[in-house]
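**Student:**
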Amino acid sequence: MPKREPKPFDSLTGKLNGRQRAAVETTTGPLLIIAGAGSGKTRVITQRIARLLAEGVAGKTILALTFTNKAAKEMRERVRLLSDPTRSAPPISTFHSFGVQILREWITLLGFGRDFSIYDQIDKMSLLKEIAREVLGARNDVDLYSCAQTISAVKTGRTEWNAENDLYRPVADVYREHLRAYNAVDFDDLIVLPLELFERHSQVLDALRERYRYVMVDEFQDTSTAQYRIVEAVARKHRNLCVVGDDDQSIYSWRGASSLNMAYFERDFPERREIKLEQNYRSAHDILRAANSVIAHNRNRKQKELWTGLRADRCIEVFFPADEYEEARFIARTVRAIAGRGGVRLDKFGILVRTNSLIAPIEEALLGENIAYRVSGGTSFFQRKEIKDIIAYLKLIANPDDNVSLLRVVNTPRRGIGRKTVQMLRELSAERRESLYSTIQALIHAEDGRVSFKTRERLEEFVGIIEPYRAEFLAPRKLAEKLGRLIDDLNIRGHIVSEHPDNERPARLKFRSVMRFVDMMSAWENDPDVVAPTLFDFLARIALVNRDDNQEESDRRSVHLMTIHAAKGLEFDVVFLAGVEDGLIPHARALEEDESNIEEERRLFYVAITRAKRKLLLSACRTRRVMREVQERAASPFLDEIPDELIHVHEPDEPVEQRDAGSFFDQIRARLGLGRSDCRKRSPTPCVYRSRMIISTRRFFARFSSESFGATGSLPPFPV
DNA sequence: GGCGTGTTACTTTTT
DNA sequence: GTAACACGCC
Numbered sequence: 009m010p011k012r013e014p015k016p017f018d019s020l021t022g023k024l025n026g027r028q029r030a031a032v033e034t035t036t037g038p039l040l041i042i043a044g045a046g047s048g049k050t051r052v053i054t055q056r057i058a059r060l061l062a063e064g065v066a067g068k069t070i071l072a073l074t075f076t077n078k079a080a081k082e083m084r085e086r087v088r089l090l091s092d093p094t095r096s097a098p099p100i101s102t103f104h105s106f107g108v109q110i111l112r113e114w115i116t117l118l119g120f121g122r123d124f125s126i127y128d129q130i131d132k133m134s135l136l137k138e139i140a141r142e143v144l145g146a147r148n149d150v151d152l153y154s155c156a157q158t159i160s161a162v163k164t165g166r167t168e169w170n171a172e173n174d175l176y177r178p179v180a181d182v183y184r185e186h187l188r189a190y191n192a193v194d195f196d197d198l199i200v201l202p203l204e205l206f207e208r209h210s211q212v213l214d215a216l217r218e219r220y221r222y223v224m225v226d227e228f229q230d231t232s233t234a235q236y237r238i239v240e241a242v243a244r245k246h247r248n249l250c251v252v253g254d255d256d257q258s259i260y261s262w263r264g265a266s267s268l269n270m271a272y273f274e275r276d277f278p279e280r281r282e283i284k285l286e287q288n289y290r291s292a293h294d295i296l297r298a299a300n301s302v303i304a305h306n307r308n309r310k311q312k313e314l315w316t317g318l319r320a321d322r323c324i325e326v327f328f329p330a331d332e333y334e335e336a337r338f339i340a341r342t343v344r345a346i347a348g349r350g351g352v353r354l355d356k357f358g359i360l361v362r363t364n365s366l367i368a369p370i371e372e373a374l375l376g377e378n379i380a381y382r383v384s385g386g387t388s389f390f391q392r393k394e395i396k397d398i399i400a401y402l403k404l405i406a407n408p409d410d411n412v413s414l415l416r417v418v419n420t421p422r423r424g425i426g427r428k429t430v431q432m433l434r435e436l437s438a439e440r441r442e443s444l445y446s447t448i449q450a451l452i453h454a455e456d457g458r459v460s461f462k463t464r465e466r467l468e469e470f471v472g473i474i475e476p477y478r479a480e481f482l483a484p485r486k487l488a489e490k491l492g493r494l495i496d497d498l499n500i501r502g503h504i505v506s507e508h509p510d511n512e513r514p515a516r517l518k519f520r521s522v523m524r525f526v527d528m529m530s531a532w533e534n535d536p537d538v539v540a541p542t543l544f545d546f547l548a549r550i551a552l553v554n555r556d557d558n559q560e561e562s563d564r565r566s567v568h569l570m571t572i573h574a575a576k577g578l579e580f581d582v583v584f585l586a587g588v589e590d591g592l593i594p595h596a597r598a599l600e601e602d603e604s605n606i607e608e609e610r611r612l613f614y615v616a617i618t619r620a621k622r623k624l625l626l627s628a629c630r631t632r633r634v635m636r637e638v639q640e641r642a643a644s645p646f647l648d649e650i651p652d653e654l655i656h657v658h659e660p661d662e663p664v665e666q667r668d669a670g671s672f673f674d675q676i677r678a679r680l681g682l683g684r685s686d687c688r689k690r691s692p693t694p695c696v697y698r699s700r701m702i703i704s705t706r707r708f709f710a711r712f713s714s715e716s717f718g719a720t721g722s723l724p725p726f727p728v
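Just so we're aligned: the first sequence equals residues 9 to 728 in our numbering.
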């Protein structure tokens with residue numbers, strides 16, 4: 009980040025349009041900003057914060073809440089650029105990390121310990137699995153996934169127990185008890201337990217209201233009702249609550265986001281001001297027209313129409329590759345062509361997909377074309393098995409009551425504590441009403457006929473490793489150094505190597521990621537912004553952050569590859585949307601659940617389109633490999649909602665494709681002694697599409713070099 | 001009683 | 001590509 013002088017106060021609102029300026033200048037009282045895609049929303053929010061600071065409001069009294077860590081980080085940086093660095097910066101966090109802060113301070117009032125564990129999806133599922141076995145016994149026909157969803161929905165007040173979901177109720181009851189016993193909370197608790205504190209201990213809310221005089225919420229359309237209740241409670245007294253949102257970009261209803269929040273806000277803050285931002289500063293005219301016409305098919309929405317002054321020709325192209333490999337290759341080669349000849353920087357490209365599984369083939373093709381890329385979201389680094397194991401050790405060290413973490417690592421690496429021993433420990437700990445860890449400790453010292461000498465020795469070995477570190481990690485700082493020693497003591501390297509007996513490559517890779525994890529910890533604790541680097545804070549951070557954000561600094565100049573959900577709030581000069589197919593967009597699963605989900609799926613498509621500034625390339629495969637089988641696919645019905653005249657069908661001309669397209673993989677295959685790629689041996693799939701302008705590959709690539717996108721209007725030239 | 005091996009099905013989106 | 005399960009071996 010380049011260092012810049014703080015802007016003087018009066019230039020803060022200089023380049024804003026009338027409505028934006030009004031939004032920035034309305035610093036007190038409740039305010040609703042309806043901000044369409046690309047309408048300069050982030051700019052308005054950050055300038056509004058800067059304005060508050062310039063008016064003399066102390067940074068720490070402004071609470072800004074966003075939905076994702078990425079958005080929080082970006083906002084922090086932009087506020088920093090606009091404000092006086094010597095003054096306190098406002099805390100900008102996600103709802104969930106705000107929840108962690110509240111709980112860290114007051115959770116003991118609810119009978120939890122301060123060093124509670126935070127369970128992610130994987131921890132939660134393994135706990136539920138354990139409980140289902142315990143409670144339902146032989147009845148293993150229950151769908152744990154929908155069980156988890158029901159528990160979450162009930163907990164956050166989205167539904168109630170009824171005849172239909174009642175079979176999950178016993179599981180839910182035990183689940184709650186277990187979390188409490190393990191001194192653990194799940195993601196829902198990070199929102200729900202603060203609310204419980206508000207209700208039962210008024211001093212908590214009093215303190216928060218005193219602390220935060222100004223509250224801002226970004227992506228308001230994606231907040232759940234429980235989240236809204238937190239915000240409302242904190243802001244009720246001072247009434248300086250500003251919410252910013254766009255109902256057309258609501259794509260998280262499956263996670264509890266509710267359009268009711270808007271109605272609640274209107275009810276709770278009747279004196280609010282409302283400002284609509286409808287001028288789009290991002291996308292070229294055709295892209296915006298396409299987006300508008302797609303979203304107009306939704307019946308359930310607030311009427312608005314985005315407009316722009318930015319003109320450019322031939323912004324939208326559609327391509328129908330034979331399969332996902334051709335699609336991936338098309339994307340990689342087009343990136344190469346535009347970046348090389350059009351002089352567009354790689355980080356100006358966004359490749360978006362509906363599901364994480366579509367990322368892999370594209371990644372491969374980018375690798376093949378030697379294009380630097382970064383993946384956001386997807387299977388998180390912290391979800392990898394080898395990393396989860398290390399984290400489980402740390403969690404157990406921080407919180408010995410954490411049975412889920414203990415069960416994960418008690419026999420990893422193998423130390424002869426198998427199913428029978430674990431079963432015995434379970435029974436004993438239930439009897440003694442204490443955690444597994446305490447039970448193990450007690451067993452080592454006491455005489456108990458149920459435990460053989462050998463088993464006792466093995467348990468002693470386990471505790472012998474953990475115990476010294478419990479004392480050490482109690483003290484903050486030098487955490488990475490301690491972790492390094494723990495990894496040595498556990499002989500993680502030997503363990504990983506023994507897991508891959510035949511080839512050492514994956515073993516090396518895995519151990520490298522373990523080492524990278526240690527480096528991340530070290531980088532985190534040495535960050536001057538981190539005041540007290542405790543083990544708890546580190547664990548809380550990695551529980552809530554998908555990916556280490558510091559990492560991104562190093563690979564700045566690379567293509568972004570991610571799901572549409574992860575792309576919300578971002579913008580790119582060139583956007584590829586892969587897999588624009590029926591069943592993917594809209595996703596078959598979503599419609600299966602409820603036909604009316606089609607509107608959210610359409611919003612998702614809308615969000616994807618509106619990420620593009622100058623060029624949008626859509627592709628729909630004619631066949632796609634789904635799990636084991638190759639399926640014939642149809643194009644997304646949403647494609648028909650874009651006016652014909654805006655779309656140019658991209659048809660590669662055969663000779664070029666035949667010769668070049670497969671070459672990289674075929675060469676690899678040839679080198680490995682394999683046959684030619686079988687992805688060309690496919691059945692001819694009819695892909696009947698209304699006739700649209702057809703352009704050849706050669707002309708397509710040539711155009712990028714000569715006209716640089718054919719931009720004719722007021723769009724600035726691409727930076728070289 | 002633990003562990004290695006071979007089999008299965010699973011992949012919507014995320015804090 | 002992987003995680004969970006069943007089976008038979010040590």
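Built from N, CA and C at the ideal position, the CB exists for glycine as well.
#1: According to DSSP, is T69 helix, strand or coil?
#2: Is Y614 near the ligand ADP - that is, is its Cβ less than 7 Å away from at least one heavy atom of it?
#3: For F75 and V143, I'd like the C-alpha separation in whole angstroms.
#4: Whole angstroms are fine: how far does the CA of I199 sit from the CA of L118?
#5: Rounded to the nearest angstrom, how far is the Cβ of L585 from that of L626, given a contact under 8 Å?
#6: Going by beta carbon distance, what residues of the same chain come within less than 6 Å of S644, once the five residues before and after it are set aside?
#7: In whole angstroms, what separates the C-alpha of N191 from that of K490?
#8: Would you list the one or two residues that DSSP bridges to S627?
#9: Which residue's Cα is closest to the Cα of D226: L268, L40 and L216?
#10: List the endpoints of the continuous alpha helix (DSSP H) containing M224.
#11: Which one of G48, R95, M83 and A380 has the shortest CA to CA distance from V65?
#12: Assess, as a yes-or-no matter, whether the region 55-62 is touched by the region 260-276 under the definition of 3 or more beta carbon pairs within less than 8 Å.
#13: Between L494 and R29, what straight-line distance do the alpha-carbon atoms span, to the nearest angstrom?
#14: Are the Cβ atoms of L61 and P99 separated by less than 8 Å?
#15: For E607, count neighbouring Cβ atoms within 10 angstroms of its own Cβ and tell me buried if that reaches 16, exposed if not.
#16: In terms of alpha-carbon separation, which member of V193, A189, R188 and S160 lies closest to R177?
#17: Quick one: measure Cβ to Cβ for A292 and A320, integer angstroms, because I've assumed they're closer than 8 Å.
#18: Rounding to the nearest angstrom, what Cα-Cα distance links L543 and F481 in this structure?
#19: At a cut of 8 Å, does the region 299-311 reach the region 336-348 through at least three beta carbon pairs?
#20: In angstroms, rounded to a whole number, what distance separates the CA positions of L2 and Q449?
#21: Since V567 contacts L374 with CB under 8 Å, what's their CB separation in whole angstroms?
#22: How far does the beta strand (DSSP E) with D581 in it reach, from first residue to last?
#23: If we ignore side chains and look at the alpha-carbon of each, how far apart do A241 and E82 end up?
#24: Under the three-state reduction of DSSP, which class applies to K23: helix, strand or coil?
#25: State the DSSP-derived secondary structure class of F357, mapped to helix, strand or coil.
#26: Output yes or no for whether 8 Å exceeds the beta carbon distance between H658 and I324.
#27: Less than 8 Å between the beta carbons of D194 and Q229, yes or no?
#28: According to DSSP, is R610 part of a helix, a strand, or is it coil?
#29: Could you please give the first and the last residue of the uninterrupted alpha helix (DSSP H) stretch that includes G348?
#30: Nearest by alpha-carbon distance to A540: which of N511, D496, M528 and L487 is it?
#31: Can you list the alpha helix (DSSP H) stretches of 4 or more residues lying completely in the region 84-123, in chain order?
#32: With burial defined as no fewer than 16 other Cβ atoms inside 10 Å of the residue's Cβ, what is the status of T316: buried or exposed?
#33: I need the boundaries of the alpha helix (DSSP H) containing I303, first residue and last residue.
#34: Going by C-alpha distance, which of P484, N511, E512 and F519 is nearest R501?
#35: Give me, in chain order, the residues of the same chain whose beta-carbon lies closer than 7 Å to that of P202; leave out the 5 immediate sequence neighbours on both sides.
#36: Output the residue ranges of the beta strand (DSSP E) runs that lie fully inside the region 120-199 and measure 3 residues or longer, sorted by chain position.
**Tutor:** Short version:
#1: helix
#2: This structure lacks the ligand ADP; in fact it carries no ligand of any kind.
#3: F75 and V143: Cα-Cα distance of roughly 36 Å.
#4: 14 Å
#5: 5 Å
#6: V588, E589, D590 and I593
#7: Cα to Cα, the separation comes out at about 24 Å.
#8: F327
#9: L40
#10: Not the alpha helix (DSSP H): M224 falls in the beta strand (DSSP E), residues Y222 to V225.
#11: R95
#12: no
#13: 55 Å
#14: no
#15: buried
#16: S160
#17: 4 Å
#18: 7 Å
#19: Not touching, per the Cβ criterion.
#20: Outside the shown range of the chain (9 to 728) lies residue 2, about which nothing can therefore be said.
#21: 7 Å
#22: F580 to L585
#23: 26 Å
#24: Here K23 sits in coil by DSSP.
#25: strand
#26: no
#27: With contacts defined as CB atoms closer than 8 Å, D194 and Q229 fail to qualify as a contacting pair.
#28: helix
#29: E332 to G350
#30: L487
#31: Within the region 84-123, the runs of alpha helix (DSSP H) at least 4 residues long that lie entirely inside it are, in chain order, 103-114.
#32: buried
#33: H293 to I303
#34: F519
#35: G107, I110, L111 and I238
#36: 125-127 and 192-194
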